[in-house]
Every structure is written in structure tokens, then in C-alpha cells.
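The sequence shown begins at 1 in full-length UniProt numbering and counts up by one. Every residue gets a Cβ at the ideal spot worked out from N, C-alpha and C, and that includes glycine. One structure below.
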Amino acid sequence: MIADSHHEKFDGSGYPHGTAGTAIPLFGRIVAVADVFDALMSDRPYKRQWPLEKALAYLRNGAGEHFDPQCVAAFLARRNDAVEIRARFQDEALSEEI
């Protein structure tokens, strides 16, 4: 369910089904926000990590179109927790590489 729905967009322009709004399963709407945040905050071969405030602004600006506004609001309310969790697991991944 999550893998099938986290690329749907709240306005219906996503894929694979073009599902919109609350017809997208809640878990998919939640993971969509977390997945994009993680992608923006990570270095990739094709891009550098975004600054935190730029990534948060992207989520805010996408509320109602790309993302469920309630999921964005909930994420932003707990953003410090998300940043802390992300840093902790990033540190663990680096330790495993060494």
C-alpha cells in the first residue's frame, strides 16, 4: 500500500494511479512528505544536500498540491524530531561504513 501510493500527489497529478486527496491512503501521504524531505536533505550523485530551511520551505509550498496539508503541518510541528532521527541514523550508517 505505501509503495504503491507514496508517489501520488494530493492534487491528483502523481503516479501510478493519479489518486487525489484523502483517497490516497494515509500511510502513503505521510511517507510522501518524509521521502521528499529525506531526498532533499541527502547528497545524491546528481545534487547536493539542500539547507534545512530550503527543504522545509519546499514542503510548505507543496502543501495542498504535492502533499496533504495536514501531513505537512504535522511534520513541520515535529521537524526537530525528524532532523534528530535523521542525524542519528546517518551517523550510524557512517559508522558501519568505517
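By alpha-carbon positions, which one of ALA20, VAL31, GLY21 ends up nearest to HIS6?
Each of ALA20, VAL31, GLY21 was checked against the Cα of HIS6, and the nearest Cα belongs to VAL31.
Counting along the chain, where does the alpha helix (DSSP H) carrying TYR46 start and finish?
DSSP places TYR46 in no alpha helix (DSSP H); its state is neither H nor E.
Beta-carbon proximity of PHE89 to VAL33, cut-off 8 Å:
no
Closest residue to THR22 among LEU56, MET1, GLU84, ASP68 (Cα-Cα distance)
ASP68
Do LEU40 and ALA63 count as a contact pair if the criterion is CB distance below 8 Å?
Not in contact: ALA63 and LEU40 (Cβ atoms no closer than 8 Å).
Compare the Cα-Cα distances from ALA20 to each of ASP43, PRO51, GLU8, ARG86 and report the closest residue.
GLU8
Of the residues TYR15, TYR46, ILE2, which one's Cα is nearest the Cα of PRO25?
ILE2
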